[in-house]
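Student: Take the sequence shown: its position 63, counting from 1, is numbered 127 in this note's numbering, and each next residue is one higher.
Note that CB positions come from ideal geometry on N, CA and C, so glycine has one too.
Computed from a predicted structure; not experimentally measured.
Can you keep this structure in mind? I'll have questions shortly.
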Amino acid sequence: MLFRSLASWFRLGAALAAIASAAGPRLVLPVIVPAPAALMVVLDTSASMAEADIPTVEGPPRRRMDAAVDALSTILRAQGDQPGWTIGLVGVAGRAEVICPPVPKLEMIEPWLRGIQPVVVAGEAGTDLASGLVLALRVLEGSNSPAKAVLLVSDGENNASPPESGMSLRQLGQAARALGIPCHSLEVAGQGGGEATRSGARGLLSDLAVMTGGQSLKASAASEVGERLEAFRRDWEHQRMEMGAPIERPLGIWLAILALVFLLAAWQRDWNRSRGFPKLEKVSGSDSQA
């Protein structure tokens, strides 16, 4: 037979490994990376956000606005080192305005965030979350980032009538779903009045989240505000993962080493045979004759 000895098989393996090494094969490894992302925060700046009815562990209750801004700053600081992540800010009371377009660094948006104060605009009563959502969607529609989302932070009141945009939250939810932009919401729910009004808006925000694939969160204490926003941040990071450029590792050097190992093994077998070491079957035969 052609390959009666183990050394012949080793030589065959060395030849095949050498041929494969010369072809220059590569090992391609998939990589999961965060996709470039744009987040627009729609922050309620209406007068109701000035109510100091958010309980704290120690000290007096905090204003709704202060609890929301502090929690937002915390999660933005946690995102500060993430590449390809931008955030913009829309303020909304009786009407909405873009306070800061999407920027890549917390230092660029935090002064605007810290400078926001609840306001009462003459002739403009209530909170128009729908108009804030319109502006956020317009900004995101013009973004090149593949991952986009809206986060509405409010005390749950949506009582501007009629809305400046002329569209309801449900209509805007349909538009956001068509654009592939999930809409999340955080209700900073104080202990003050207006529960009936907030209850209706809460249902709208929950429907908006379900319709667009977002989350509808509620926090009634200062510590809960940070916890809910941190949960949103983790979910947002998970959603914006995508396949990145694969990593390629050359295999030629390893195949060349394998070919060398096979040749050394074949050489060792030939050397052992040349030394005349007795084969096992011959030793057994001589023992039987004895």
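Could you check what DSSP says for threonine 138 in three-state terms: helix, strand or coil?
Tutor: By one-based count along the sequence shown, residue 138 stands at place 74. DSSP places threonine 138 in helix when its eight states are reduced to three.
Student: Taking leucine 51 as part of the alpha helix (DSSP H), name the residues at either end of that continuous run.
Tutor: Only positions 65 to 354 of the chain appear in this structure, which leaves residue 51 out of reach.
Student: So, is serine 350 buried or exposed, given that buried needs 16 or more other C-beta atoms within 10 angstroms?
Tutor: What you label residue 350 is simply residue 286 of the sequence shown in a count that begins at 1. Residue placement at serine 350 cannot be trusted, given a pLDDT of 46 that sits under 50; what the coordinates show is reported in the next sentence. By the 10 Å Cβ count, serine 350 comes out exposed.
Student: Beta carbon of arginine 313, beta carbon of isoleucine 139: below 8 Å?
Tutor: As a position in the sequence shown, residue 313 is number 249, starting the count at 1. As a position in the sequence shown, residue 139 is number 75, starting the count at 1. No, they are not a contact pair.
Student: Quick check on the DSSP output: the beta strand (DSSP E) that includes glycine 152 runs from which residue to which?
Tutor: Your numbering for residue 152 matches position 88 in the sequence shown. Per DSSP, glycine 152 belongs to the beta strand (DSSP E) from 149-156.
Student: So if DSSP puts serine 270 in a beta bridge, which residue, or which two residues, is it bridged to?
Tutor: To locate residue 270, count along the sequence shown from 1; it is residue 206. Paired residues: none, contrary to the question.
Student: Relative to the C-alpha of leucine 236, which candidate in Arg128, Ala273, Trp335 has its C-alpha closest?
Tutor: Working through the sequence shown from its first residue, we reach residue 236 at position 172. Selected option, being the one with the closest Cα: Ala273.
Student: In whole angstroms, what separates the C-alpha of leucine 193 from that of glycine 88?
Tutor: Against the sequence shown, residue 193 aligns to sequence position 129. Against the sequence shown, residue 88 aligns to sequence position 24. For leucine 193 and glycine 88, the distance between alpha carbons rounds to 59 Å.
Student: For isoleucine 173, which residues of its own chain have a beta-carbon under 8 Å away from its beta-carbon, when the five flanking residues on both sides are left out?
Tutor: As a first step, residue 173 is located in the sequence shown; it is residue number 109 there, counting from the start. Taken in chain order, the residues that qualify are Leu140, Ile151, Gly152, Leu153, Cys164, Val167.
Student: Rounding to the nearest angstrom, what Cα-Cα distance links alanine 283 and glycine 316 in this structure?
Tutor: Translated into positions along the sequence shown, residue 283 becomes position 219. Translated into positions along the sequence shown, residue 316 becomes position 252. Roughly 58 Å between the two C-alpha positions.
Student: For serine 348 and arginine 337, I'd like the C-alpha separation in whole angstroms.
Tutor: Residue mapping note: residue 348 aligns to position 284 of the sequence shown, counting from 1. Residue mapping note: residue 337 aligns to position 273 of the sequence shown, counting from 1. Bear in mind that a pLDDT of 46 at serine 348, under 50, signals an unreliable position, so the number given afterwards is only what the model happens to contain. The straight-line gap from Cα to Cα measures roughly 18 Å.
Student: On the criterion of 16 or more Cβ atoms from any shown chain inside 10 Å, does valine 92 qualify as buried, or is it exposed?
Tutor: Here the question's residue 92 lines up with position 28 in the sequence shown. Counting Cβ neighbours within 10 Å, valine 92 comes out exposed, since fewer than 16 surround it.
Student: Just to confirm before moving on: does the CB-CB distance between cysteine 247 and alanine 240 stay below 8 Å?
Tutor: Within the sequence shown, residue 247 is the residue found at index 183, counting from 1. Within the sequence shown, residue 240 is the residue found at index 176, counting from 1. Yes; because the gap between Cβ atoms is below 8 Å, this pair is in contact.
Student: Where in the segment 79-130 do unbroken runs of the beta strand (DSSP E), each at least 3 residues long, occur, reported from the N-terminal end onward?
Tutor: Listed in chain order, they are 90-93, 96-98, 101-108, 116-118.
Student: Ignore the nearest five residues each way along the sequence and tell me which others in leucine 269's own chain have a CB closer than 6 Å to its CB.
Tutor: Here residue 269 is taken as the residue at index 205 of the sequence shown, counted from 1. For leucine 269, where only same-chain residues beyond five positions count, the Cβ hits under 6 Å are Ser249, Ser280.
Student: Can we say the segment 325-337 touches the segment 67-81, given the rule of at least three CB pairs closer than 8 Å?
Tutor: Verdict: yes, contact present.
Student: Out of curiosity, what's the CA-to-CA distance linking proline 125 and leucine 215?
Tutor: Here the question's residue 125 lines up with position 61 in the sequence shown. Here the question's residue 215 lines up with position 151 in the sequence shown. Using only the alpha carbons, I get a separation of about 24 Å.
Student: From this set, Leu70, Ala79, Ser85, which residue's C-alpha is nearest leucine 319's C-alpha?
Tutor: Residue numbering aside, residue 319 sits at position 255 when the sequence shown is read from its first letter. Per the Cα distances, Ser85.
Student: Just the Cα atoms here: how many angstroms apart are arginine 202 and glutamate 291?
Tutor: Counted from its first residue, the sequence shown places residue 202 at position 138. Counted from its first residue, the sequence shown places residue 291 at position 227. Roughly 29 Å between the two C-alpha positions.
Student: Going by DSSP in three states, serine 218 sits in which element: helix, strand or coil?
Tutor: By 1-based counting over the sequence shown, the position of residue 218 is 154. The answer is strand: DSSP assigns serine 218 an E or B state.
Student: Looking at the strands, I want to know which residues DSSP matches up with valine 162.
Tutor: The residue given as residue 162 occupies position 98 in the sequence shown. In DSSP, valine 162 forms a bridge with Val154.
Student: Across which residues does DSSP place alanine 213 in a beta bridge pair?
Tutor: Residue numbering aside, residue 213 sits at position 149 when the sequence shown is read from its first letter. Alanine 213 is bridged to Leu103.
Student: Quick one: what does DSSP say serine 207 is sitting in, helix, strand or coil?
Tutor: Along the sequence shown, read from residue 1 onward, the residue named residue 207 stands at position 143. Coil at serine 207, not helix or strand.
Student: Out of Ala114, Trp149, Val133, Gly196, state which residue places its alpha-carbon closest to the alpha-carbon of valine 162.
Tutor: What you label residue 162 is simply residue 98 of the sequence shown in a count that begins at 1. For the residues Ala114, Trp149, Val133, Gly196, the minimum Cα distance to valine 162 belongs to Gly196.
Student: Return the first residue and the last residue of the alpha helix (DSSP H) that isoleucine 321 is part of.
Tutor: In the sequence shown, counting from the first residue as 1, residue 321 sits at position 257. 316-338 is the extent of the alpha helix (DSSP H) around isoleucine 321.
Student: On the DSSP letters alone, give me the boundaries of the alpha helix (DSSP H) that proline 175 sits inside.
Tutor: Residue numbering aside, residue 175 sits at position 111 when the sequence shown is read from its first letter. Looking at the DSSP string, the run of the alpha helix (DSSP H) that includes proline 175 is 170-179.
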